[in-house]
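Q: Submitted below is the structure of interest, expressed as C-alpha cells.
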Amino acid sequence: MRLRDAPIQTKLMRVILLATGAALALACLAFVAHEFFTFRQGIKKQLYTVAKIVSANSTAALAFDSREDATEILDALKTEPNIVAACLYDNEGRLFAKYPSNFPDSEFPPAKFTSGTYDFVDGYLVGIEPVVQGSARVGTLYLRSNLDAMYDRLELYAFITLLVFGFSFLVSYIITRRLQKTITQPVLNLAETARIVSKKFDYSVRAIKSSEDELGLLTDAFNHMLMQIELQNMEILLFNQKLEQKVIERTNELRETNRELQMKNEFVETILDSSVHVIAVLDTQMRFTTVNNQFALVYHRTKADVIGKYYTDAFPQAKDSPTYYDIQRSLKGEYIHNPVVKSRVVNGYFENYFIPLRQNGEIYAVLILGHEITDIMEANEKLRLLNDQLIKSNQDLEQFAYVASHDLQEPLRKIQTFAQLAQKDLETAGASTQYLEKITAAAKRMAELINAVLNYSRLSKKREEFQKVDMNAILVNIETDLELLIAEKQATINAVPLPVIDGIPLQLSQLFFNLIGNSLKFSTNKPVINISARMLTGKEISRHAVPDRKETYVELVFRDNGVGFDQQYAERIFTIFQRLHDKQSYTGTGIGLALVKKIVENHGGYISAESKLGEGASFYIYLPVYHAPQVSLESIPDNGEGAGNQLPA
Amino acid sequence: MPANAQLQVTREATIKAVFLFNFTQFVEWPAAAHGSASSPFVIGILGDDPFGAYLDETIAGEKVATHPLMVKRYREAKEVRGCHILFINAKLLEQKDLLSSLSGRSMLTVSDAKNFTRLGGMIRLATENNKIKLEINAAAARDEKLLISSKLLRIATIFDPPDYQR
Numbered sequence: 000m001r002l003r004d005a006p007i008q009t010k011l012m013r014v015i016l017l018a019t020g021a022a023l024a025l026a027c028l029a030f031v032a033h034e035f036f037t038f039r040q041g042i043k044k045q046l047y048t049v050a051k052i053v054s055a056n057s058t059a060a061l062a063f064d065s066r067e068d069a070t071e072i073l074d075a076l077k078t079e080p081n082i083v084a085a086c087l088y089d090n091e092g093r094l095f096a097k098y099p100s101n102f103p104d105s106e107f108p109p110a111k112f113t114s115g116t117y118d119f120v121d122g123y124l125v126g127i128e129p130v131v132q133g134s135a136r137v138g139t140l141y142l143r144s145n146l147d148a149m150y151d152r153l154e155l156y157a158f159i160t161l162l163v164f165g166f167s168f169l170v171s172y173i174i175t176r177r178l179q180k181t182i183t184q185p186v187l188n189l190a191e192t193a194r195i196v197s198k199k200f201d202y203s204v205r206a207i208k209s210s211e212d213e214l215g216l217l218t219d220a221f222n223h224m225l226m227q228i229e230l231q232n233m234e235i236l237l238f239n240q241k242l243e244q245k246v247i248e249r250t251n252e253l254r255e256t257n258r259e260l261q262m263k264n265e266f267v268e269t270i271l272d273s274s275v276h277v278i279a280v281l282d283t284q285m286r287f288t289t290v291n292n293q294f295a296l297v298y299h300r301t302k303a304d305v306i307g308k309y310y311t312d313a314f315p316q317a318k319d320s321p322t323y324y325d326i327q328r329s330l331k332g333e334y335i336h337n338p339v340v341k342s343r344v345v346n347g348y349f350e351n352y353f354i355p356l357r358q359n360g361e362i363y364a365v366l367i368l369g370h371e372i373t374d375i376m377e378a379n380e381k382l383r384l385l386n387d388q389l390i391k392s393n394q395d396l397e398q399f400a401y402v403a404s405h406d407l408q409e410p411l412r413k414i415q416t417f418a419q420l421a422q423k424d425l426e427t428a429g430a431s432t433q434y435l436e437k438i439t440a441a442a443k444r445m446a447e448l449i450n451a452v453l454n455y456s457r458l459s460k461k462r463e464e465f466q467k468v469d470m471n472a473i474l475v476n477i478e479t480d481l482e483l484l485i486a487e488k489q490a491t492i493n494a495v496p497l498p499v500i501d502g503i504p505l506q507l508s509q510l511f512f513n514l515i516g517n518s519l520k521f522s523t524n525k526p527v528i529n530i531s532a533r534m535l536t537g538k539e540i541s542r543h544a545v546p547d548r549k550e551t552y553v554e555l556v557f558r559d560n561g562v563g564f565d566q567q568y569a570e571r572i573f574t575i576f577q578r579l580h581d582k583q584s585y586t587g588t589g590i591g592l593a594l595v596k597k598i599v600e601n602h603g604g605y606i607s608a609e610s611k612l613g614e615g616a617s618f619y620i621y622l623p624v625y626h627a628p629q630v631s632l633e634s635i636p637d638n639g640e641g642a643g644n645q646l647p648a
Numbered sequence: 000m001p002a003n004a005q006l007q008v009t010r011e012a013t014i015k016a017v018f019l020f021n022f023t024q025f026v027e028w029p030a031a032a033h034g035s036a037s038s039p040f041v042i043g044i045l046g047d048d049p050f051g052a053y054l055d056e057t058i059a060g061e062k063v064a065t066h067p068l069m070v071k072r073y074r075e076a077k078e079v080r081g082c083h084i085l086f087i088n089a090k091l092l093e094q095k096d097l098l099s100s101l102s103g104r105s106m107l108t109v110s111d112a113k114n115f116t117r118l119g120g121m122i123r124l125a126t127e128n129n130k131i132k133l134e135i136n137a138a139a140a141r142d143e144k145l146l147i148s149s150k151l152l153r154i155a156t157i158f159d160p161p162d163y164q165r
C-alpha cells in the first residue's frame, strides 16, 4: 500500500520512524566514520612511537656496525603482532638488519633518506624513521604494519553501532506508538463520526472533543458543520416538497395540453388520410415529414418506409424530374400548379400542386397535393381516338356526298334525260331502244359505283382476321383474273420472289388487283410492270416517318411504263373519286387507289407514289411482316404534351 | 700482498675513524671539558696516524652540540692539551705511565692495543672475525667523569674483571 493511501496512524508511525531511523543511521555512520579516521591516526601514532623506540635503541648498533645487536632489537618487535616486517638501513642505504629473519630482502624498498613518513601503502601502514644519535644520523628504520587491528576495531564498532541503532530504533518505535495515539485517536474519532454520517445520512451525531488543540478546533468545526447541514437539510426538504407540488401541477397541465394536441393531430391525420388526393410534406432538405394513406396506396410504400427519407433516396428514378424541380422552386416560395404530369414512379398521370409552408415568414416545408388523373387522361385519349374516327367518317361522308352530288348524279341525270326523251319519243319507233340501252348502261354504272363505295366503306368498318399470306400465290391469282386484259394489252409482268407476311388475304388480293389494274389501265401500249420486294427495318424507311423503328417491313415497288402523272398530284391520287384523267380516256371508278391506301393503312403500313408525266409511275408500299395482335388504348403513344411531366410523387 | 694489505688496513682504518666520530654521540663529557660554546671538540691522535685523511674527511663540517670538530695530532703525551677523544697508537703504550699521565682531563682514551683496557684505557677497538668489536672499561671512564651511553655499553664487551685494580 502506498503511504498516501495508508491510514493516518500508519502514516504518522512511518513518518516518525523514518525520520528517527534516518537521524540514527546518520549519527551511527558519523560515529563509525569518526572512529575510522581517529583509529587511522591512532595506529599511525602507535607505529610512530614504536619506530621512535626502535630507532633510538638501534643507534649504537648502527653506529658501531653491530648487526647482531640490531637484529636482536628488531626481534623485539615480535610483541607487536601487527608489524609484519621491519629493517634498518645504514647511511649508505644498505640493508643492515631485518625482521623477521626469513623475510626476503627484495621485499624491502630502497632506503629513503627522508625525515619520518607514515603512509598507508597497499593495505599496509608503512613508517620510515631516520635513526639519529645526538645530531648525527646513523641510519634509517623501515616498519610495515598490517591493518588487521584497525579492521578488527572497525568490526567491533560496526557491531556496537548496529546494536545501538537497533535498540534506539526499538525504543523510539515504542515511544512513537504510545505518543501518536494522542494525535491519531481524535482524528480517528472524527473519521468514524464522518463515516457514520456519510453512511447513515444521520446528521444528528456529534464528534467527541478530546483536546483543545487544532484537532479540538477541527472537531468543533465539524460538529458546527453537521448542525448547519441538519438545518439546511430541513430547508431543502421543505423546498423539495414545494417543488414536487409544482412539478405535479405542471405535469397535469402538460398532460392536458398533450391530450389536446394529440386530438388535433389525430383530427388532421384523419382528414389527410381520408383525402382521395396524394398528400406529402417535404422539409427544406427534401425529406418526407408527412404522407397520407393515399400516398402509400398509390406508390405502394408504407408510411414508415418514406418518412424521414430524402426524396431522391425514396424515389431514385424521380431525380431531376419536373416534380423534383417543382419541389425545389416551391421551397424558394413559389406556388406551383402543374395540371398534367406523367409519373416516373408509377404508371399514371397526376395534377400536382406545390404549396410552400411558412412559419414566421420562413419556409420550412413544401406541401404537395397530387390528384391522380390517369382515368381522365385515358378517357380523354379514347375520346380523341373516337373523335379522329368521327372526323374520318365525316370526311368519308363528305366524299360520299360529293360522289352523290356529282358522280352519282351524272348517271341519274342521264337516266332522267333519256327517260324524258323516251317519254317524248314514244311514238318514234326505233329510238326508244337506243335510249333504253343508255338508261340500262347508266344504271349499270350506277350499280358499279355503289358497289365500289360499299366496298370502300366496308373496308373502313369491318375488322378481319390476320393470317400468313403468301404474296406469290396472290400474284398468280391476280394474273389469272386479269388474263384477258393482259393478253389484250400485250402486257408483261416481272416479279421477284415475294415474301410471306401477316395480312388479310382478301384485302391483299384487292391491293395487287387494283395496283396492277391501275398500271394496265394507264398504259399506252405494251405495258411492262416490274414488282420488286425487299426486307428492311422501320428506321431504314426514308420516305415515311416510321415511329416503330425496329419493326420489320417488306418494301413492295410496283413500277410501270404508263402515262404517269405530275409529281404534285402524288398525294391526291389516293383520295377517293379524285381522277387526274378524263373519263373518256380511261375507264374506272376513281376509288381504286383510295382503296389501296385504305388497305395499306389497315395493315399498319405506308404508301407513296413517284412519277413524271408520260414516264410511268412507281408505287412504294411498306407493310409490317409481323402483325401485332392488339390495337388498344395502351398502344396509343403519348400525345406529347405530358411527356416528361410526371408526378413522382 | 701489499695492495690487499693496504686495502685491508684502509677499510679497517675507515671504520675506526667513523667509530671515533660516533663516540662523540654516545659519550657525555662533563661541562668543564669545554671552554666555551664555540670552543672546538678535539679528536686527538697520539703517535703515528693510521687513518691518513679519512678521519679529517669523516668529521669535516660536523659538530658536537655547538662545538665544531677538529683533529689534532700529537707526537708525545706532553703535547696533549684540550683534547676530548684521544686515539693512542698501540706502539706508544709501551711507555709505562703514559695512561696515568693523561688522566684527570676528562679525555676518552681509545686504542686498538691488545691489553688497552687492562692497562686502564677506556675503549679498545678489537678486530675479531674481520669485524671491529668494542671493549669498554666503564670504570676507567667513570673515573674521568665521562658518561658512556647504555646503548654503547650494550653492544660492547665490558671489561670489568674482579682482579682489576686501578
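Protein sequences appear in the order of chains A and B.
Position 446, counted from 1, in the first sequence is what numbering that gives the first Met the number 0 calls 445; the numbers after and before it change by one each time, with no gaps.
Position 21, counted from 1, in the second sequence is what numbering that gives the first Met the number 0 calls 20; the numbers after and before it change by one each time, with no gaps.
Glycine included, each C-beta is placed from N, C-alpha and C at the ideal position.
#1: To the nearest angstrom, how far is it from the Cα of lysine 488 of chain A to the Cα of isoleucine 528 of chain A?
#2: Curious, which full-length beta strand (DSSP E) runs of at least 3 residues does the region 488 to 533 of chain A contain?
#3: Answer with yes or no whether the minimum CB distance from asparagine 136 of chain B to chain A is below 8 Å.
#4: Applying a beta-carbon distance threshold of less than 8 Å, which residues of chain A neighbour isoleucine 154 of chain B?
#5: Alpha carbon to alpha carbon, how far is arginine 558 of chain A from glutamate 478 of chain A? Give it in angstroms, no decimals.
#6: Quick one: residues in its chain with C-beta nearer than 6 Å to the C-beta of valine 125 of chain A, no 5 flanking neighbours on either side, listed in chain order?
#7: Mind listing the chain B neighbours of alanine 32 of chain A? Cutoff is C-beta to C-beta under 8 Å, in chain order.
#8: Should alanine 532 of chain A and leucine 497 of chain A be called a contact, given that it needs their Cβ atoms to be closer than 8 Å?
#9: With a threshold of 8 Å between beta carbons, is isoleucine 14 of chain B in contact with chain A?
#10: Considering just the uninterrupted stretch of the beta strand (DSSP E) at proline 623 of chain A, what are its terminal residues?
#11: Taking glutamate 732 of chain A as part of the alpha helix (DSSP H), name the residues at either end of that continuous run.
#12: What span of residues does the alpha helix (DSSP H) with glutamine 8 of chain A cover, start to end?
#13: If the cut is a Cβ gap below 9 Å, which residues of chain B does asparagine 145 of chain A touch?
#14: Count the C-beta pairs between the region 50 to 66 of chain B and the region 96 to 106 of chain B that are closer than 8 Å, then say yes if the count reaches three, no if not.
#15: Under 8 Å Cβ-Cβ, which residues of chain B neighbour alanine 22 of chain A?
#16: Mind checking whether serine 607 of chain A and alanine 616 of chain A have CB atoms under 8 Å apart?
#17: Which stretch, first to last residue, makes up the alpha helix (DSSP H) that contains isoleucine 473 of chain A?
#18: Using beta-carbon positions only, say whether aspartate 469 of chain A and histidine 626 of chain A come within less than 8 Å of one another.
#19: CA-CA distance, arginine 548 of chain A and valine 305 of chain A?
#20: Mark asparagine 81 of chain A as exposed unless 16 or more other C-beta atoms lie within 10 angstroms of its C-beta, in which case mark it buried.
#21: Isoleucine 173 of chain A to isoleucine 42 of chain A, Cα distance in whole Å?
#22: Identify which residue in B:Arg117, B:Thr156, B:Phe18 and B:Lys144 has its Cα closest to the Cα of leucine 61 of chain A.
#23: By DSSP's criteria, asparagine 351 of chain A is part of a beta bridge. Which residues make up the other side?
#24: Does any residue of chain B have a CB that is nearer than 8 Å to the CB of serine 54 of chain A?
#25: So the beta strand (DSSP E) tyrosine 73 of chain B belongs to, where does it begin and stop?
#26: Output, in sequence order along the chain, the residues in the region 75 to 90 of chain B whose CB is closer than 7 Å to any CB in chain A.
#27: Have a look at aspartate 48 of chain B and aspartate 147 of chain A and give me their C-alpha separation to the nearest angstrom.
#28: Do valine 167 of chain B and leucine 145 of chain B have their C-beta atoms closer together than 8 Å?
#29: Taking only runs that begin and end inside the region 62 to 147 of chain B, name each unbroken alpha helix (DSSP H) of 4 or more residues, in chain order.
#30: Can you grab the Cα-Cα spacing for the pair valine 170 of chain A / serine 197 of chain A, in whole Å?
#31: Is isoleucine 131 of chain B close to chain A, meaning its C-beta is less than 8 Å from at least one C-beta of that chain?
#32: Looking at C-beta atoms only, is the number of pairs between the region 353 to 373 of chain A and the region 384 to 398 of chain A that lie closer than 8 Å three or more?
#33: By the 8 Å beta-carbon criterion, what residues does the region 132 to 143 of chain A contribute toward chain B?
#34: In chain order, what residues of the same chain lie with their CB nearer than 6 Å to the CB of serine 148 of chain B, ignoring the 5 residues before and after it?
#35: Give me the subset of the region 63 to 75 of chain B whose CB atoms are less than 9 Å from a CB atom of chain A, sorted by chain position.
#36: How long is the line joining the alpha carbons of alanine 59 of chain A and isoleucine 72 of chain A, rounded to whole angstroms?
A: Taking the coordinates as given:
#1: Distance between the alpha carbons of lysine 488 of chain A and isoleucine 528 of chain A is about 12 Å.
#2: Counting only runs of 3 or more, we get 491 to 494 and 499 to 502.
#3: No, because no Cβ of chain A sits closer than 8 Å to the Cβ of asparagine 136 of chain B.
#4: Contact of isoleucine 154 of chain B with chain A by beta-carbon distance below 8 Å involves Ala59, Ala60, Phe63, Ser65 and Asp68.
#5: Between the alpha carbons of glutamate 478 of chain A and arginine 558 of chain A lies a gap of roughly 16 Å.
#6: Result list for valine 125 of chain A: Asp118 and Arg143, in chain order.
#7: Correct list: empty, because the minimum Cβ distance to chain B is about 43 Å.
#8: Yes, these two residues count as a Cβ contact at 8 Å.
#9: For isoleucine 14 of chain B, the nearest CB of chain A lies under 8 Å from its own CB, placing it at the interface with that chain.
#10: Its beta strand (DSSP E) spans residues 616 to 623.
#11: Nothing can be reported for residue 732 of chain A, as the shown portion of chain A is limited to 0 through 648.
#12: Its alpha helix (DSSP H) spans residues 7 to 56.
#13: Near asparagine 145 of chain A there are no residues of chain B at all, since even the closest Cβ is about 29 Å away, more than 9 Å.
#14: Segments in contact, no.
#15: Going along chain B, no residue has its Cβ under 8 Å from alanine 22 of chain A, so there is no contact; the nearest lies around 56 Å.
#16: Contact: no.
#17: Segment 470 to 480, the alpha helix (DSSP H) holding isoleucine 473 of chain A.
#18: Not closer than 8 Å, so no.
#19: As the crow flies, the alpha-carbon of arginine 548 of chain A is around 40 Å from that of valine 305 of chain A.
#20: Classification of asparagine 81 of chain A: buried, given that the 10 Å Cβ count is 16 or more.
#21: Distance between the alpha carbons of isoleucine 173 of chain A and isoleucine 42 of chain A: 41 Å.
#22: For the options B:Arg117, B:Thr156, B:Phe18 and B:Lys144, the alpha carbon positioned closest to that of leucine 61 of chain A is the one of B:Phe18.
#23: Residue pairing of asparagine 351 of chain A in beta bridges, as defined by DSSP: A:Asn337 and A:Gly369.
#24: It does not; no Cβ of chain B falls within 8 Å.
#25: Tyrosine 73 of chain B -> beta strand (DSSP E) spans 66 to 73.
#26: Per Cβ criterion, the list is empty.
#27: Near 56 Å, if we compare the C-alpha coordinates of aspartate 147 of chain A and aspartate 48 of chain B.
#28: Residue numbering for chain B in the displayed model covers 0 to 165; residue 167 of chain B lies beyond these limits and cannot be assessed.
#29: DSSP runs (the alpha helix (DSSP H)) wholly in the region 62 to 147 of chain B: 97 to 101 and 137 to 142.
#30: Going from the Cα of valine 170 of chain A to the Cα of serine 197 of chain A covers about 39 Å.
#31: At a cut-off of 8 Å between beta carbons, isoleucine 131 of chain B contacts chain A.
#32: At 8 Å Cβ cutoff, the stretches do not touch.
#33: Identification of residues in the region 132 to 143 of chain A having a C-beta nearer than 8 Å to some C-beta of chain B yields Gln132, Gly133, Ser134, Ala135 and Val137, given in sequence order.
#34: Within its own chain, the residues whose Cβ lies closer than 6 Å to the Cβ of serine 148 of chain B, once the five positions on either side in sequence are excluded, are Phe25, listed in chain order.
#35: If the cut-off is 9 Å between Cβ atoms, the region 63 to 75 of chain B has Val63 and Ala64 near chain A.
#36: Here the C-alpha atom of alanine 59 of chain A lies approximately 11 Å from the C-alpha atom of isoleucine 72 of chain A.
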